[in-house]
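Residue numbers (our numbering), protein chains in the order written: chain A, 191 to 466; chain B, 191 to 466; chain C, 191 to 466. Glycine residues also receive a C-beta, built at the ideal position from the N, C-alpha and C atoms. If you're wondering where the values come from, they're calculated on a predicted model, not measured in any experiment. In what follows, a single structure is set out as structure tokens and then discussed.
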Amino acid sequence: MDTASIPGRYGSAVSREDVAGVVASLRGSGPLVHCLTNVVVSQFTANVLLAVGAAPAMVHSAEEAGAMARVAGSVLVNLGTVTSVTAEAMRVAVAAAAGAGRPWVLDPVAVGPLPWRTGLAHELLDIAPPAVVRGNPSEILALDGGPGGRGVDSADAPKAALAAATALAGRYGCTVAVSGPQDVLTDGTRVVRLANGHPLLPLVTGTGCALGALVAACTAVTDDALLAATAATALLTVAAEDAASRSAGPGTFAVALIDALYALGQDRLVEAVNLR
Amino acid sequence: MDTASIPGRYGSAVSREDVAGVVASLRGSGPLVHCLTNVVVSQFTANVLLAVGAAPAMVHSAEEAGAMARVAGSVLVNLGTVTSVTAEAMRVAVAAAAGAGRPWVLDPVAVGPLPWRTGLAHELLDIAPPAVVRGNPSEILALDGGPGGRGVDSADAPKAALAAATALAGRYGCTVAVSGPQDVLTDGTRVVRLANGHPLLPLVTGTGCALGALVAACTAVTDDALLAATAATALLTVAAEDAASRSAGPGTFAVALIDALYALGQDRLVEAVNLR
Amino acid sequence: MDTASIPGRYGSAVSREDVAGVVASLRGSGPLVHCLTNVVVSQFTANVLLAVGAAPAMVHSAEEAGAMARVAGSVLVNLGTVTSVTAEAMRVAVAAAAGAGRPWVLDPVAVGPLPWRTGLAHELLDIAPPAVVRGNPSEILALDGGPGGRGVDSADAPKAALAAATALAGRYGCTVAVSGPQDVLTDGTRVVRLANGHPLLPLVTGTGCALGALVAACTAVTDDALLAATAATALLTVAAEDAASRSAGPGTFAVALIDALYALGQDRLVEAVNLR
């Protein structure tokens, strides 16, 4: 098959076969993902991880975050409902992950309009560079020093955030994944665009946060963080398309999404993922 | 149509058309609702808000509650799983909302048998009067100084709580919404009764708490707090009737309720709401 | 019917009729179950309790845990996402439950690899002996002083944990329930085995934790803790079989499980429970 003859579909920095390979590794090895995430999405996040074969470990006390991070395959830090108590656990977990050579992923929920967590995000980034930062355009813009958006909503198109993502990727030597109707990911050099998904995704709380957890799970099975983030995004957004066809609204969609993630095979993923 | 000829259906203090208007404003403007709510219901609450077009922002640290409250359209304070950490955030949020002229809504979960949170509820009410207090009969009775009920359950009929609700409404210049098989709402002068809903509602955790969040969302789009609370109650209870017809038990009902809220149009609402 | 002629099915230390009797008491009396549980599973746990007729009360502040424990029918302590804040509430709740003569149940989530909570578990056990300890094999092994497993996963078969369970039961005068594909329960003298359930159960977060809550609910309606733990396990695992037949994956299964618990009658339970 002459892939070069289909422009925009086969010219991606990562191949769909590589993406399928990461998903196969995920289901094969079942990495333990240490999640320091918010209370709104923790159940949904755990169920998403279980559906793709990973093992969630939700531990967010400062007394235990280090021990958990050291035995986990990767660590997710999501700032959604952070308090001074869980912030301390995040500092401990990031330091422990770095010390043990484990990748960590930052989901900078609502960074920008809330100065305290914006400072915390920078503090965590300075403890150790993450493998991936995953956020909405407004969060990525804010993390790069821009104005940011309204709460966890995203007013800016993914495209507009590419410059900020590239700058952040260069500064921390990490991958930055910008979520939106079209997802844009970069490691500062390579750029990947994905055009899967469904309008119901942002109507279910925690789909973005669960994507952050999937990214963390994938970083536990490949050293290529851009590939990991691409595979996670493909998993969620292709599953969303499958789920939408069996949904009557956001309630049934959220349930069908777990079923779809559980059922999603490599063949379907390779066929459906729309890499650009 | 001669509305006067249908007693008990058209004599309400607010009209069904006004209710539909509030719901239209809600979907049109998508207010940001700052929720300081309990960890049991936070996912369900966020999904309920998203289903009606509002944007939930769950932030409950003292460091950030003020900043969030100032940019939100309204603030919900739900005492369900309050701790000393989140109590401080609630104090900050209520003060900030009042300072910024934003309405706030109190859901006094389990006030009565638990003295600490009963004191906290009064403390919050003294910081600034809420737009609406929404609770079960036992919670409203307890907040007015009565004995209160067993945990979050309601032993008293909504009717019995009307006197307490009227007293509270007069004391704080607010609306009080008493939930039950028949909902009773008052601003101290006007009284609204709604007779929609379904017996499965109290078998799903967080339906009452989600109603509190819907009330908060509606206070962000109308200055008439009694109308806001009525519209929110109509939304939830009419959607419950729609959902029940597609449910096999409380599990499927909870999911169908989100779909029903998402699908609920103004025509259906005007047709189905049973105002008295 | 000659029950002795069906080996392994009718030789159990508790009878299926006794199990059905506990479930009938549960639905008849609707005990208030005070849950100090983790934020990942609290919504699911509350919905499971409501589905079987119990009333969940989720209160986890040190200021209120004592007052709540004293009026509850039983207390659940689940260590899943414990922090220093909720640990203090657990100490208070266990002491208050013991003082008021209420049974309490320990779910030692992830005890073993995490030293801090392992110490906390022993501290709680020393405040007052629980009615039941419910855990995975690795957690029960770790609580008895063994090496323990990987996070909340279970690497050891229930059978291997029976010695540890018997030792713990003897030490604290309690029942120990070891969950797995085959459940094994003992009060140190009698042993019960149950062989119901479904492979989808461990793919939904919180099913084990919800079982701990069901155990607590059952201890509120019978003084025989082994019978209570058996009845709770029968409820969850038979309902899982009913739910699996109406599921397309772990998402729909979790929802159908709530419906199945709600619908599960005594006749179906007596017919389906596989006691050994």
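* Reducing DSSP to helix, strand and coil, say where B:Arg-340 ends up. => Any reading at B:Arg-340 must be qualified, since the residue scores a pLDDT of 49, below 50, and its modelled position is unreliable; no value is offered.
* Asked: If you count every other CB in all the chains shown that lies within 10 Å of the CB of A:Ser-435, and 16 or more means buried, which is it?
  -> exposed
* **Buried or exposed (CB count within 10 angstroms, at least 16 for buried), C:Gly-150** => Because chain C in this structure spans residues 191 to 466, residue 150 of chain C falls outside the shown range and cannot be described.
* Asked: Using 7 Å as the limit for Cβ to Cβ distance, is A:Thr-442 near chain B?
  -> yes
* To do: Using a threshold of 7 Å, state whether the C-beta atoms of C:Gly-441 and A:Asp-449 are closer than that.
  => yes
* Asked: At least one CB of chain C closer than 7 Å to the CB of B:Ala-279: is that the case?
  -> no
* Within its chain, find whatever has a CB closer than 8 Å to the CB of A:Leu-451; leave out the 5 residues flanking it on each side and keep chain order. => Val-238, Ala-241, Val-242, Leu-425, Leu-426 and Ala-429
* **Members of the segment 217 to 243 of chain B near chain A, C-beta cut-off 7 Å** => Leu-222, Val-229, Ser-232, Gln-233, Ala-236, Asn-237, Leu-240 and Ala-241
* Asked: When burial is assigned at 16 or more other CB atoms within 10 Å of the CB, is C:Asp-413 buried or exposed?
  -> exposed
* Within this structure, are the beta carbons of C:His-250 and C:Thr-276 separated by less than 7 Å? -> yes
* To do: Could you tell me which chain A residues have their CB closer than 9 Å to the CB of B:Ala-446, listed as they occur along the chain?
  => Ala-438, Gly-439, Gly-441 and Thr-442
* Name, please, each residue of chain B whose Cβ falls closer than 7 Å to the Cβ of A:Gly-402. => Under the 7 Å cutoff, chain B gives no residues; its nearest Cβ is about 16 Å from A:Gly-402.
* Do the segment 398 to 414 of chain C and the segment 452 to 461 of chain C touch if we need at least three Cβ pairs shorter than 8 Å? -> no
* Asked: Are the beta-carbon atoms of B:Val-411 and B:Leu-222 separated by less than 7 Å?
  -> no
* Asked: Leaving out five residues before and five after C:Pro-231 in sequence, what residues of the same chain have Cβ atoms less than 6 Å from its Cβ?
  -> Going by the sequence as given, residue 231 of chain C is Val instead of Pro. If we look at C:Val-231 and ignore the five residues flanking it on each side, its Cβ neighbours are Gly-396 and Cys-399.
* To do: Anything in chain B within Cβ reach of C:Ala-257, meaning under 8 Å, just list it in chain order.
  => Pro-303, Leu-304, Pro-305 and Trp-306
* Asked: Can you give, in chain order, each stretch of the beta strand (DSSP E) that sits fully within the segment 268 to 331 of chain A and has at least 3 residues?
  -> Counting whole runs of 3 or more residues, the segment 268 to 331 of chain A contains the beta strand (DSSP E) stretches 294 to 297 and 322 to 325.
* Is it buried or exposed for C:Thr-193, if we count other Cβ within 10 angstroms and need 16 for buried? -> For C:Thr-193, the pLDDT reaches just 38, beneath the cut-off of 50, and the residue's location in the model is therefore unreliable, leaving the point undetermined.
* alpha helix (DSSP H) containing A:Thr-397: first to last residue? -> 397 to 409
* Could one say the Cβ of A:Asp-414 lies closer than 7 Å to chain C's Cβ atoms, at least one of them? -> no
* **Partners in chain A for B:Asp-297, counting only beta-carbon separations shorter than 8 Å** => The premise fails here: B:Asp-297 is roughly 17 Å from chain A at the closest Cβ pair, so nothing lies under 8 Å.
* To do: Report yes or no: do three or more beta-carbon pairs, one from the segment 255 to 265 of chain B and one from the segment 254 to 273 of chain A, lie closer than 8 Å?
  => no
* To do: Identify whether A:Pro-246 lies in helix, strand or coil by the three-state DSSP scheme.
  => strand
* To do: Kindly list, in the order they appear in chain A, the residues whose Cβ is closer than 9 Å to that of C:Ser-328.
  => Simply none; closest approach about 13 Å.
* Bridge-paired residues (DSSP) for A:His-224 -> A:Ala-247 and A:Val-265
* To do: For the beta strand (DSSP E) containing A:Val-368, list its first residue and its last residue.
  => Here the beta strand (DSSP E) through A:Val-368 covers 365 to 368.
* **Beta-carbon gap between A:Asp-377 and A:Ala-357 smaller than 7 Å** => Contact annotation: A:Asp-377 and A:Ala-357 have beta-carbon atoms that are not nearer than 7 Å.
* For C:Leu-454, does the three-state DSSP call read helix, strand or coil? -> coil
* Anyone know if the C-beta pair for C:Arg-307 and C:Ala-367 falls short of 7 Å? -> no
* To do: Would you mind working out which of C:Glu-278, C:Pro-320, C:Trp-294 and C:Ala-422 sits nearest C:Ser-264, comparing C-alpha positions?
  => Nearest option by C-alpha distance: C:Trp-294.
* Nearest to A:Gly-335 (by Cα), restricted to the options A:Thr-420, A:Ala-446, A:Gln-233 and A:Val-301 -> Nearest C-alpha to A:Gly-335: A:Val-301.
* Run of the alpha helix (DSSP H) containing A:Leu-426, from where it starts to where it stops -> 415 to 434
* Asked: Taking 7 Å as the CB-CB limit, is A:Tyr-362 close to chain C?
  -> no
* To do: Just mark A:His-224 as buried or exposed, buried being the case when its beta carbon has 16 or more other beta carbons within 10 Å.
  => buried
* From B:Asn-386 to B:Ala-438, what distance separates their C-alpha atoms? -> 20 Å
* Asked: Taking 7 Å as the CB-CB limit, is B:Leu-310 close to chain C?
  -> Not an interface residue.
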